[in-house]
Ligand code: NAD
């Protein structure tokens, strides 16, 4: 033992040695295997659990009932979020069982809108680290960092750099709540096993002054790296992921700012299995709604004219997929198909005379037309049958705008997609009232049913969670190696096929969320089928019944019996 100065050093230099035998106390602390009070007498005998649990033996159903009862006592959504995350870290199967069985109630807790608040307060509610952090400090060692993750058979990664978290802007490293939340939906709604999911946040700094000045901020306290430094870290990350997990690893980009989102997708779509939910997932879910709405509206997609308010990631992504579908079904070129689609941004209608100053992703939509500065004038001039709001700015579908849509169309289709609810372009009630019950309405945020003229209208929600879990499952189960746009079209068709006559009668163009596991299995099957057709699937031979195969691949949160 040395002098006082190095005494502490010597005593503290211990190796963090551990042995992982899943029994006794360790089993109770292992969230993947823990069943809490639901361990049976036999399991308690076999796994040295006697005395470590109170004598009562519960069922998973009773645990579920008890937890929901506790959860509903919390009035603040963030408290419910924290309780759910705690449960996930304590008893993973119970967490997923709750999510599967109470999806409509719990989705807004583990995902939008509550996850947004959780990200904002991540520093203070941070308990155990979830997910993997890769920062500029790891440059040159990203592969080693990936290898620190305990699970080896990863099938899907959701990655963010935290620059544009939901509508909340730059939350830097605190964006981790998003990949964690999205992946819990992959497991609950799409049945991808939790052990195969890896949430990652890439920390390249933040430009959020509040976080930079917050002593509790968990990320790198520097301004965002841009240009070469950023690209080099992303390149190292993408190469390391492929090296570590192989060709079939699905990488979902999430909540990157516009400028990086488009370029990352374009750069890696030919070399990796990549998917951007904000662009492609949104496009696919909205197209799914449009395809099902056609059964009410009549005609084909090419018979309609589309007007968007907002020409960002969501708007241009949706517009492009609609054009692609029109092109596929009519044989017209994509360029010609785009002419049925018009976009309005903050400076008015996107037209050719604005080409000099337009961002590159808006250029395909700069059609020949006189400039128009307001949405109302654009509606009157373009005469759309479908109006889609993706501006992020609320209250833009005014009474005049909805009335103009109704005067042009017998049944105008109005999609107010901006989130959160306060930013929706109009409410469900406004859409039904101003159109005198003629509008078909769907939104990004949920709205309660509306009674108008003695009829109950149920607004549909164009929730991305309809698509990405089933889409991802479809890619994984057939061993797809690339995402082709036709797979997104297949996902939209798979979703539209799940809407029933009963749903249409209520005014819905999306199926009820309570059937999401079944919907996901169908989407997975249509996506995999298309992947086989395009030669993108590596799992051979092709299973005879893809829906059954999808269902058989899905993770079940029901407790297994331990020998
Ligand atoms: P974004 O920032 O990429 O795009 C916003 C676009 O709106 C930009 O083109 C901007 O110029 C334009 N804009 C801003 N103010 C405007 C105004 N006053 N009038 C007209 N245009 C205006 O954002 P994004 O990712 O495209 O998302 C936009 C909105 O769509 C968000 O509110 C988001 O929550 C919502 N969204 C919904 C879904 C869904 O319902 N499934 C999916 C994705 C995004």
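Numbering (my numbering), first residue to last: 163 to 725.
Don't be surprised by glycine CBs; every beta carbon is placed ideally from N, CA and C.
The model shown is predicted, which means the values in this text are computed figures rather than measured ones.
What separation, rounded to the nearest whole angstrom, lies between the Cα atoms of residue i and residue j?
i           : j           : result
residue 557 : residue 630 : 28 Å
residue 527 : residue 504 : 7 Å
residue 349 : residue 644 : 21 Å
residue 602 : residue 574 : 6 Å
residue 484 : residue 195 : 45 Å
residue 686 : residue 696 : 15 Å
residue 508 : residue 187 : 59 Å
residue 653 : residue 450 : 8 Å
residue 547 : residue 461 : 12 Å
residue 626 : residue 175 : 49 Å
residue 368 : residue 385 : 5 Å
residue 244 : residue 562 : 43 Å
residue 529 : residue 274 : 35 Å
residue 167 : residue 377 : Residue placement at residue 167 is poorly supported in this model, since its pLDDT is 44, which falls under 50; the coordinates are not used for a value here.
residue 609 : residue 581 : 12 Å
residue 410 : residue 401 : 13 Å
residue 260 : residue 537 : 43 Å
residue 463 : residue 344 : 31 Å
residue 383 : residue 330 : 19 Å
residue 332 : residue 474 : 17 Å
residue 282 : residue 372 : 11 Å
residue 380 : residue 355 : 28 Å
From what residue to what residue does the alpha helix (DSSP H) around residue i run?
i           : result
residue 551 : Run containing residue 551: none in the alpha helix (DSSP H); it sits in the beta strand (DSSP E), 548-551.
residue 716 : Per DSSP, residue 716 belongs to no alpha helix (DSSP H) and is neither H nor E.
residue 247 : 239-252
residue 589 : Element bounds for residue 589: n/a, residue is neither H nor E.
residue 424 : 420-430
residue 645 : Taken as a continuous stretch (DSSP letters only), residue 645 belongs to no alpha helix (DSSP H), as it is neither H nor E.
residue 391 : 389-407
In this structure, how does DSSP classify residue i when only helix, strand and coil are distinguished?
i           : result
residue 414 : strand
residue 340 : helix
residue 542 : helix
residue 701 : coil
residue 177 : coil
residue 167 : Note that residue 167 has pLDDT 44, beneath the 50 cutoff, so the model's placement of it is unreliable and the number below is only indicative. DSSP places residue 167 in helix when its eight states are reduced to three.
residue 467 : coil
residue 219 : coil
residue 682 : helix
residue 577 : strand
residue 617 : strand
residue 195 : coil
residue 212 : strand
residue 235 : helix
residue 225 : helix
How would you write the range of the beta strand (DSSP E) that residue i sits in, first residue to last?
i           : result
residue 446 : Residue 446 -> not in any beta strand (DSSP E); alpha helix (DSSP H) instead, spanning 444-459.
residue 295 : 294-297
residue 277 : Where residue 277 is concerned, there is no enclosing beta strand (DSSP E), although the alpha helix (DSSP H) it sits in stretches over 276-282.
residue 321 : 318-322
residue 438 : 435-438
residue 613 : 612-614
residue 605 : 602-605
residue 360 : 359-365
Tell me, please, whether the CB atom of residue i is closer than 7 Å to any CB atom in chain C?
i           : result
residue 700 : The structure shown contains no chain C, having only a single protein chain.
Ignoring anything shorter than 3 residues or poking outside the region 480-564, list the beta strand (DSSP E) runs there in chain order.
If we require 3 residues or more, the beta strand (DSSP E) runs fully inside the region 480-564 come out as 503-507 and 548-551.
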